[in-house]
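When we follow the working numbering, the leftmost residue of the sequence shown carries the number 17, and every step to the right adds one.
Every residue gets a Cβ at the ideal spot worked out from N, C-alpha and C, and that includes glycine.
Working notes, beginning with the structure itself.
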Amino acid sequence: MEFIKVTEQYQPGIALIQLNRPKELNALNKQLMEEVRDTLQLLDKNEEVRVIIITGDERAFAAGADIKQMANKSAIDMLLIDQFSTWDQIRKTKKPIIAAVSGFALGGGCEFAMMCDMIIASETAKFGQPEIKIGTIPGAGGTQRLTKAVGKAKAMELILTGRFISAEEAHFYGLVNKVVPVEMYLHEAVELAKEIAQLSPVAVQLAKEAINRSFETQLDEGLAFERKNFYLTFASADQKEGMNAFVEKRKPSFTGR
Ligand code: HXC
């Protein structure tokens with residue numbers, strides 16, 4: 017891996033992917049995204065891994081897609097490069113992903129953070145979709161995911177002006193789960209990951225899938241999907257263990273089966 021660092025067991029059950037192009041503020045070139053995709057596919061298959069954290073460094077989560085790589089491409093070049101098939105594969109990751117964001121999360125960087133399941137931000141984090149300032153628009157889901165996260169008025173403001181918002185404002189608008197001092201953001205993401213890592217991985221996966229379905233379907237279809245996954249948890253030993261442990265007033269021990 018050239019542009020990311022991977023620690024499979026950063027803590028028991030928790031894998032860490034660190035974006036690692038610090039001089040370019042972790043600008044997301046094609047290779048970096050392919051490395052993330054390949055790693056996530058491996059981690060998804062690794063039963064020892066329950067939760068994945070993606071982070072950058074203190075200065076930047078990622079300052080966007082690599083502008084230098086895109087600047088002189090034609091529309092047909094962009095179509096043929098087809099970078100979004102990589103993003104689509106990343107989106108299919110079954111295990112929960114937490115973005116631990118400090119510094120810039122801009123353009124594709126903001127879109128990448130929003131593609132994760134939860135965001136823990138440092139007080140210094142800045143979110144934005146500044147594509148309009150370089151003559152383009154978000155291309156990796158920003159117009160859709162930001163609008164669903166913060167509502168139409170704020171999404172219009174951010175995308176049409178290219179303004180950045182602080183971590184605190186992002187929290188106010190529901191874009192991020194929690195804001196903590198800069199020295200704590202990775203620690204806080206690990207604490208959240210630990211809480212999830214001790215639960216039934218089967219139930220966690222089915223719940224993630226059902227929540228994501230709410231973005232893709234009408235309510236009727238989403239409810240039917242949720243119901244199917246809910247029934248499916250009753251085929252797992254973890255559901256029997258979890259409910260029986262409750263009845264027997266003891267702590268459950270989940271096996272992932
Ligand atoms: C390529 C980038 C980059 C990017 C920063 N750099 N962002 N390189 N692509 N998106 C590089 C700079 O060129 C510079 O390299 C180095 O990182 C440090 O950046 P500076 O600009 O010197 O830092 P600073 O003055 O602190 O400003 C930080 C910044 C600014 C505000 C984040 O870099 C910036 O505005 N970046 C672009 C943000 C942006 O427009 N993102 C959206 C991209 S389009 P050198 O070698 O010059 O020192 C997009 C489309 C998504 O994301 C859809 C497809 C996935």
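Out of the options, point me to the one whose CA is closest to residue i's CA.
{"i": "Val117", "options": "Phe19, Glu199, Leu235 and Tyr247", "result": "Glu199"}
{"i": "Leu56", "options": "Leu122, Lys111 and Gly72", "result": "Lys111"}
{"i": "Phe246", "options": "Ala226, Gly80, Glu184 and Arg53", "result": "Ala226"}
{"i": "Gly158", "options": "Gly151, Leu174 and Glu207", "result": "Leu174"}
{"i": "Lys164", "options": "Glu237, Lys149, Glu74 and Met130", "result": "Met130"}
{"i": "Leu59", "options": "Ala76, Pro197, Tyr26 and Pro268", "result": "Tyr26"}
{"i": "Ala121", "options": "Gly151, Phe77 and Lys89", "result": "Phe77"}
{"i": "Leu202", "options": "Tyr189, Thr152, Glu74 and Ala240", "result": "Glu74"}
{"i": "Ala186", "options": "Lys170, Leu176, Pro197 and Thr177", "result": "Lys170"}
{"i": "Glu147", "options": "Ile70, Gly80 and Gly72", "result": "Gly80"}
{"i": "Asn36", "options": "Thr23, Arg179, Lys267 and Asp98", "result": "Thr23"}
{"i": "Gln47", "options": "Ile20, Lys168, Thr249 and Ile181", "result": "Ile20"}
{"i": "Glu184", "options": "Ser138, Glu232 and Leu95", "result": "Ser138"}
{"i": "Gly72", "options": "Pro38, Ala213, Asn62 and Phe188", "result": "Pro38"}
Examine the ligand PLP and report whether any of its heavy atoms sits within less than 6 Å of the Cβ of residue i.
{"i": "Phe262", "result": "You won't find the ligand PLP in this model; what it holds is the ligand HXC."}
Between residue i and residue j, which are expected to be in contact by the criterion C-beta below 8 Å, what is the C-beta distance as a whole number of angstroms?
{"i": "Ser216", "j": "Gly155", "result": "In fact, because the Cβ distance is near 36 Å, the residues do not count as touching under 8 Å."}
{"i": "Thr102", "j": "Glu50", "result": "6 Å"}
{"i": "Ile68", "j": "Ile106", "result": "Contact doesn't hold; Cβ gap of about 11 Å is too wide."}
{"i": "Ile114", "j": "Ala205", "result": "5 Å"}
{"i": "Cys126", "j": "Phe143", "result": "5 Å"}
{"i": "Gly123", "j": "Ala141", "result": "Rounded, the Cβ-Cβ distance is 14 Å, inconsistent with contact."}
{"i": "Leu208", "j": "Ile136", "result": "6 Å"}
{"i": "Asp254", "j": "Val196", "result": "So it is not a contact: roughly 31 Å between Cβ atoms."}
Tell me, which residues are paired with residue i by DSSP?
{"i": "Val22", "result": "Ile33"}
{"i": "Ile68", "result": "Ala31 and Ile113"}
{"i": "Val195", "result": "Ala137"}
{"i": "Ile181", "result": "Phe143"}
{"i": "Leu122", "result": "Gly144"}
{"i": "Ala76", "result": "Phe120"}
{"i": "Leu44", "result": "Ala81"}
Worksheet item: Would you call the segment 81 to 95 and the segment 36 to 46 in contact, with 3 or more CB pairs under 8 Å?
Response: yes
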